[in-house]
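Please read the structure below before turning to the comments.
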Amino acid sequence: MAGDTLTTLGTIVTAVLGGGAITAITSYLRDRRKDKGDFTVSTFSTLKEMNDRLNVQLVELQSRLDTERAQRRELEDTVARERRERRALEDRVSALERELAARDPRREA
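Residue numbering for the sequence shown follows my numbering, starting at 207 and increasing by one per position.
As structure tokens, then:
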């Protein structure tokens, strides 16, 4: 009996909320979440205010770009230095291997 009651209630709820009602409810909830987004819209009373704001943002971006460029140059310098050190080490290892081969003729290079 309880199973029949639940089935009947499920059928009634499905009929009431069926079709476009579910879509409308989910759309409403989705739109409410969009309205609560974390973005802000700035309003300017004059073009001069907007221009000043954009100039401030431009200066900030240029400063960040200069910082990024300096960090990139430092990283490139570090990589170049490490490559030179690695080549020098490889040359030294090769020289040592040749010297060992010259001292011990039984050893193959």
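By construction, the Cβ of each residue, glycine as well, lies at the ideal position given by its N, Cα and C atoms.
Note that the structure is a prediction, hence the values are computed from the model and not measured.
Check                                                                                               : Outcome
Residues near Leu-267 by beta carbon distance below 8 angstroms, same chain, minus five either side : none
Any alpha helix (DSSP H) of 4 or more consecutive residues that is wholly inside the region 250-288 : none
Span separating the alpha-carbon of Arg-275 from that of Val-265                                    : 15 angstroms
Spatial distance of Asp-297 from Gln-277 (CA atoms)                                                 : 30 angstroms
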